[in-house]
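Numbering (the working numbering), first residue to last: 1448 to 1653.
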């Protein structure tokens, strides 16, 4: 296994910052928890986590093949990661006061409906694969990854949204007040945007 603790910690932190950015899945978690209880929100959380894991695996395997086939791309991909994080951070800060649009499809009753809604929320989002493809080269040397490394990356990609969404759902009443307050939402977006820019700086300097 070639992954260092520092690499894993930085990657985990970046995923957590992205989780803190309010979005439609947050609203779906709130709605399902309030309407049907914690039991109903677990399938949605699992679906979202499996989707994140799938995108991370596709990104690692696809980018590893590209890097091995076309040498010298690691530096370019690394700076692409810097640009992705910086751009995401700037856009969050610029649009910090923009509201969140709820997707009613994410709140259909039933365990299977919740699971597939969570899975679709990630797999149907083209930004997800662009995020992972732009992010992973900034954290890991894709030419040196072993099977254990890939498994660890997939585990982190799945574990962060599971833990984050479980904690979020358990504090749904407090989260509801946060989401419904435009001022609190804007503050959250600005903080998350600043942290994403900080991640970009760290990648650029390391």
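Ideal Cβ positions, reconstructed from N, Cα and C, are used throughout, including at glycine.
- Helix, strand or coil at residue 1460 according to DSSP, with G and I counted as helix: Correct three-state label for residue 1460: helix.
- Taking just the CA atoms, how far does residue 1584 sit from residue 1426? This structure cannot settle anything about residue 1426, because the visible part of the chain is limited to 1448 through 1653.
- Following the continuous alpha helix (DSSP H) through residue 1613, name the residue where it begins and the one where it ends. That run of the alpha helix (DSSP H) goes 1594–1617.
- Item | Proximity to residue 1530 [Cα-Cα], best of 1566, 1601, 1579 | It is 1579.
- Beta-carbon proximity check, residue 1458 vs residue 1586, cutoff 8 angstroms: Yes, Cβ-Cβ distance for residue 1458 and residue 1586 is below 8 angstroms.
- Message: According to DSSP, is residue 1468 part of a helix, a strand, or is it coil?
- Response: Residue 1468 falls in the coil class under three-state DSSP.
- Given that a residue counts as buried once 16 or more other Cβ atoms are within 10 Å of its Cβ, and exposed if not, what is residue 1548? Model confidence at residue 1548 stands at a pLDDT of 48, short of 50, so the residue's coordinates are unreliable; what they give is reported in the following sentence. The residue is exposed, with fewer than 16 neighbouring Cβ atoms inside 10 Å.
- Query: When the distance is taken between beta carbons, is residue 1448 closer than 8 angstroms to residue 1596?
  - Reply: The answer is yes: Cβ separation under 8 angstroms.
- Task: Using a threshold of 8 angstroms, state whether the C-beta atoms of residue 1566 and residue 1509 are closer than that.
- Result: Contact flag unset, no.
- Query: Among 1652, 1641, 1648, which has the Cα closest to the Cα of residue 1464?
  - Reply: Here the closest residue by C-alpha is 1641.
- Item | Of the residues 1604, 1610, 1651, 1644, the one placed nearest residue 1506, counting alpha carbons only | The shortest C-alpha separation from residue 1506 is found at 1604.
- Task: Ignore the nearest five residues each way along the sequence and tell me which others in residue 1501's own chain have a CB closer than 6 angstroms to its CB.
- Result: By the criterion of a C-beta distance shorter than 6 angstroms, residue 1501 is surrounded by no residue of its chain, once the five residues flanking it on both sides are discounted.
- Item | Expected contact under 8 angstroms - CB spacing of residue 1499 and residue 1569 to nearest Å | The pair is a contact, with the Cβ atoms about 6 angstroms apart (cut-off 8 angstroms).
- Have a look at residue 1462 and residue 1600 and give me their C-alpha separation to the nearest angstrom. Their backbone Cα atoms lie some 11 angstroms apart in a straight line.
- Query: Is residue 1452 buried or exposed, if buried means 16 or more other CB atoms sit within 10 Å of its CB?
  - Reply: Exposed: under 16 other Cβ atoms inside 10 Å.
- Message: So for residue 1448, helix, strand or coil by DSSP?
- Response: Three-state DSSP puts residue 1448 in coil, outside helix and strand.
- Do you know whose CA, among 1533, 1617, 1582, lies nearest residue 1407's CA? For residue 1407 there is no data in the structure shown, the boundaries of the chain being 1448 and 1653.
- Message: My assumption, with CB atoms under 8 angstroms, is that residue 1619 sits in contact with residue 1466. Please give the rounded CB distance.
- Response: About 15 angstroms separates the two Cβ atoms, so there is no contact after all.
- Span separating the alpha-carbon of residue 1560 from that of residue 1652: The straight-line gap from Cα to Cα measures roughly 44 angstroms.
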